[in-house]
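The block underneath contains the structure these notes are about, expressed in structure tokens.
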Amino acid sequence: MPVSGEPVRLGLIGDAIAQSRAPSMHERAGALIGLDVRYDRLVPAELGASFEDVVSRARENGYRGLNITYPYKERVVPLVSVEDLRVARLGAVNTVLFEPDGPRGYNTDYSGFLAAYRRGRGKAPAGAVCMVGAGGVGRAVAFGLLELGVTRLRLVDTDRARSRQLAGELRTSAPHVDIDVSIDVADGARGADGLINCTPLGMVGHDGTPIPRGLMTGAAWVFDAVYTPPRTLFLRDAEALGLTIMSGVELFFYQGLHAFSLFHGRDLDEADLRTLLDIA
Numbered sequence: 007m008p009v010s011g012e013p014v015r016l017g018l019i020g021d022a023i024a025q026s027r028a029p030s031m032h033e034r035a036g037a038l039i040g041l042d043v044r045y046d047r048l049v050p051a052e053l054g055a056s057f058e059d060v061v062s063r064a065r066e067n068g069y070r071g072l073n074i075t076y077p078y079k080e081r082v083v084p085l086v087s088v089e090d091l092r093v094a095r096l097g098a099v100n101t102v103l104f105e106p107d108g109p110r111g112y113n114t115d116y117s118g119f120l121a122a123y124r125r126g127r128g129k130a131p132a133g134a135v136c137m138v139g140a141g142g143v144g145r146a147v148a149f150g151l152l153e154l155g156v157t158r159l160r161l162v163d164t165d166r167a168r169s170r171q172l173a174g175e176l177r178t179s180a181p182h183v184d185i186d187v188s189i190d191v192a193d194g195a196r197g198a199d200g201l202i203n204c205t206p207l208g209m210v211g212h213d214g215t216p217i218p219r220g221l222m223t224g225a226a227w228v229f230d231a232v233y234t235p236p237r238t239l240f241l242r243d244a245e246a247l248g249l250t251i252m253s254g255v256e257l258f259f260y261q262g263l264h265a266f267s268l269f270h271g272r273d274l275d276e277a278d279l280r281t282l283l284d285i286a
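The opening position of the sequence shown corresponds to residue 7 in my numbering, with each subsequent residue numbered one higher.
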């Protein structure tokens, strides 16, 4: 389908985003419906500007919206208005729309994780879960777990104050769920049905795994928020043990699909986008 009209300008703000597939995804998806989309990588350090200045300049330069990634998902919250109460309680935003009355914030990590989990496990409840990483994407995933039948949640993060804050907010929303924090992965993984990575560990430039293979015994499923590479060491270890694995590629796909609808006010056929991106 030929593209027409003025280019729709979008951007991604984050650190270490050189390998991000978001620009290609949004530009190619736009072409599917006849839109000329220009999607830029915006790294504050490379631009010699603060994160806040980069957001402001994008608005002044006519960008339709932005995706926000590590480590700015919490930092952007004071700069936007958030209308959805479910997103407001997350305290993290990954999608910004520039509207005439000001920038609005959304979280398609949250909706994207729910969609990715349900595609991988259907209606199976999450059960007892150990999640490593309580930052921006971790917040979205943790609140998503409350909708997926989590019965016990162990938050493991080196920043104990951050994990305690998240645990407190989760308890307020779901007092019936057993929620605790730890800095010890072995303690957090003990007895878990599901194991989740919401840290950069395993992505390009951040070698390693959040949960060694020896601690995965007894689990049934794992989810990795990392999508570059698609098969991290964490996922390969879990697959070797026969666990159900859910790659961050699915989160990337769904958060992008949902952000596309917000940016353009139009839904894109999921099957068409999977075919375009060669995602099975």
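Ideal placement from N, C-alpha and C gives every residue a C-beta, glycine not left out. If you're wondering where the values come from, they're calculated on a predicted model, not measured in any experiment.
Do Thr157 and Ala140 come within 7 Å of each other at the CB atom, strictly closer than that value? no
Counting only the same chain and skipping the five closest in sequence on each side, list residues whose C-beta sits under 6 Å from that of Arg196. none
Closer than 8 Å is the cut-off here; do at least three beta carbon pairs connect the segment 105-121 with the segment 34-52? no
Own chain residues within Cβ distance below 8 Å of Arg280, not counting five before or after: Phe259, Ala286
Per DSSP, Ile74 is paired with what? Ile19
Which full runs of the beta strand (DSSP E) of 3+ residues lie inside the segment 167-253, going along the chain? 184-188, 200-203, 227-230, 250-252
Determine the direct distance from the alpha carbon of Ala231 to that of Val60, and round the result to whole angstroms. 25 Å
From which residue to which residue does the alpha helix (DSSP H) around Gly36 run? 28-38
For the segment 16-35 and the segment 73-82, state whether three or more C-beta atom pairs, one from each stretch, are separated by less than 8 Å. yes
Grab me the residues of Gly214's own chain with a C-beta within less than 8 Å of its C-beta, minus the 5 sequence neighbours each way, in chain order. Leu207, Gly208, Leu239
How far does the beta strand (DSSP E) with Arg44 in it extend, from its first residue to its last? 41-48
Which same chain residues, not among the five before or five after Gly126, have their C-beta less than 6 Å away from its C-beta? Met252
What span of residues does the beta strand (DSSP E) with Leu159 cover, start to end? 156-162
Would you tell me roughly how many angstroms separate the C-alpha atoms of Val88 and Gly97, rounded to the nearest one? 10 Å
Suppose the cutoff is 8 Å on Cβ atoms and the five residues either side in sequence are ignored; what does the same chain contact list for Met7 look like? Unreliable positioning characterises Met7 in this predicted model, as indicated by a pLDDT of 42, which lies under 50. The coordinate reading is nonetheless provided below. Contacts found: Ala37, Leu38, Ile39, Gly40.
Unbroken alpha helix (DSSP H) run spanning Gly54, endpoints: No alpha helix (DSSP H) contains Gly54, which DSSP labels as neither H nor E.
In three-state DSSP terms, what is Arg127? helix
How far does the beta strand (DSSP E) with Ala134 in it extend, from its first residue to its last? 133-138
Return helix, strand or coil for Val82, following the three-state DSSP convention. coil
Look at the Cβ atom of Val162, then the Cβ atom of Ser179, and state whether they are nearer than 7 Å. no
Look up Val14 in the DSSP assignment and give the residues it is bridged to. Val43
Taking 7 Å as the cut-off, decide whether the C-beta atoms of Gly118 and His264 are in contact. yes
Can the beta-carbon of Pro216 be found less than 7 Å from the beta-carbon of Asn203? yes
Is the beta carbon of Ala146 less than 7 Å from the beta carbon of Asn113? yes
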